[in-house]
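For reference, the structure is listed below as structure tokens.
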Amino acid sequence: QMEQRADEIGFSVREVVTLASIVEREAKLEEERSRIAAVFLNRLNEEKRLESCATVQYILGKQKEELTNKDLQNPSPYNTYLHMGLPPGPIANPGLSS
1 QMEQRADEIG
11 FSVREVVTLA
21 SIVEREAKLE
31 EERSRIAAVF
41 LNRLNEEKRL
51 ESCATVQYIL
61 GKQKEELTNK
71 DLQNPSPYNT
81 YLHMGLPPGP
91 IANPGLSS
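For reference, each letter of the sequence shown is one residue, going 1 to 98 in this note's numbering.
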């Protein structure tokens with residue numbers, strides 16, 4: 001199923017898993033997942049930064065209610081506020097719905 005979805009959107013399976021992991025961490029409710037995924041796909045297709053709080057929280061190793069400017073300037077390749085495209089790998093174990 002994931003291979004088919006990857007082919008449909010022109011991504012590798014690893015890229016789909018990475019994107020799904022971000023959606024998994026961003027979504028609070030099940031029904032939000034498809035909208036969040038669509039936003040991130042649009043940003044990728046438009047060559048914009050993903051700007052995902054979940055990727056910065058992954059770098060920090062903890063959930064924060066509010067990220068600081070210092071947090072957003074972390075040079076990690078997982079920081080989607082600074083770096084274009086997907087991070088180097090998944091940030092969580094995504095469920096199939098993500």
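Every residue gets a Cβ at the ideal spot worked out from N, C-alpha and C, and that includes glycine. Given the structure is predicted, the values throughout are model-derived calculations rather than measurements.
Among the options, nearest to residue i - alpha-carbon criterion
| i | options | result |
| --- | --- | --- |
| Arg141 | Leu67, Val17 and Pro87 | No statement about residue 141 is possible, as the shown extent of the chain runs from 1 to 98 and does not include it. |
Local Cβ density within 10 Å of residue i, reported as buried at 16 or more and exposed below that
| i | result |
| --- | --- |
| Leu96 | exposed |
| Ala100 | Nothing can be reported for residue 100, as the shown portion of the chain is limited to 1 through 98. |
| Val23 | buried |
DSSP three-state assignment for residue i, whether helix, strand or coil
| i | result |
| --- | --- |
| Ile36 | helix |
| Lys28 | coil |
| Ala6 | helix |
| Tyr78 | coil |
Sequence-distant residues of the same chain with beta carbon closer than 6 Å to residue i, five excluded per side
| i | result |
| --- | --- |
| Asp71 | Val56 |
Close-in-space but distant-in-sequence residues of the same chain around residue i (CB under 7 Å, 5 per side omitted)
| i | result |
| --- | --- |
| Met84 | Glu47 and Arg49 |
| Leu67 | Cys53 and Val56 |
| Tyr81 | Arg49, Glu51, Val56 and Leu72 |
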